[in-house]
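Just below is one structure, and these are the notes that go with it.
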Amino acid sequence: MKIIITIAVIVLAAAAVLYFSPAFTPSPTFESVIFESGDYAKAVESIAASINDLSPTPPTEQTWTVRDVEFVKNEPYAYVVYHDTHNIFRILLETGNNQTFRTVAAFEAGGAAWRLTGGEDLAAGRETVKISSN
């Protein structure tokens with residue numbers, strides 16, 4: 319009898335855990351996309367609109383401002399230089415379908431060069447096309 323009660327309690331506990339657990343929603347898959355040069359202007363606008371979410375560092379002021387974007391030729395990456403009038407940073411984004419982006423590396427100004435502070439510089443040394451933001 320004790321075994322039956324123990325099994326019933328375990329089954330009820332498992333059912334309660336499943337019932338009250340948040341529904342599992344698989345995270346959307348990120349599909350890398352290489353932008354054509356005709357897509358650069360629209361991509362810069364999208365990056366500028368979402369820079370606060372893409373930056374691993376919160377701005378000192380209310381928001382970040384994108385200064386320029388360097389698209390890596392024939393690769394799904396773009397370097398973004400942005401500032402908030404106090405600080406200037408650079409991130410490497412992976413470009414995705416539907417103008418989506420994810421941050422893969424972060425940099426701080428270090429004299430004449432950028433110093434990697436997080437992630438991996440997957441586009442180091444590759445040719446880029448620089449687009450200035452308005």
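For what it's worth, our numbering labels the leading residue of the sequence shown as 319, then goes sequentially.
Backbone N, C-alpha and C define an ideal beta-carbon position, used for all residues, glycine too.
ask   = What is the rounded straight-line gap between the Cα of I369 and the Cα of G436?
value = Roughly 17 Å separates the two Cα atoms.
ask   = Residue ranges of each beta strand (DSSP E) run of no fewer than 3 residues wholly in the stretch 363 to 437, ordered along the chain?
value = Entirely contained in the stretch 363 to 437, the beta strand (DSSP E) runs reaching 3 residues are, in chain order, 383 to 390, 395 to 401, 406 to 414, 418 to 428, 431 to 437.
key: Range covered by the beta strand (DSSP E) that runs through T347   = Run containing T347: none; DSSP gives neither H nor E here.
inquiry  = Here's the rule: buried if 16 or more other CB atoms are within 10 angstroms of the residue's CB, otherwise exposed. What is E388?
reply    = Buried is the call here.
query = Using DSSP with H/G/I as helix, E/B as strand and the rest coil, what is S451?
reply = In this structure, S451 counts as coil in the three-state DSSP scheme.
ask   = Between E349 and the rest of its own chain, which residues show a CB-CB distance below 7 Å, the 5 nearest in sequence each way excluded?
value = For E349, where only same-chain residues beyond five positions count, the Cβ hits under 7 Å are G414, N415.
ask   = Between H404 and the rest of its own chain, which residues show a CB-CB distance below 6 Å, the 5 nearest in sequence each way excluded?
value = So the list reads T378, once near-sequence residues are dropped.
query = When burial is assigned at 16 or more other CB atoms within 10 Å of the CB, is V447 buried or exposed?
reply = V447 comes out exposed.
key: Own chain residues within Cβ distance below 8 Å of I406, not counting five before or after   = Hits under 8 Å: R385, V399, Y400, A427.
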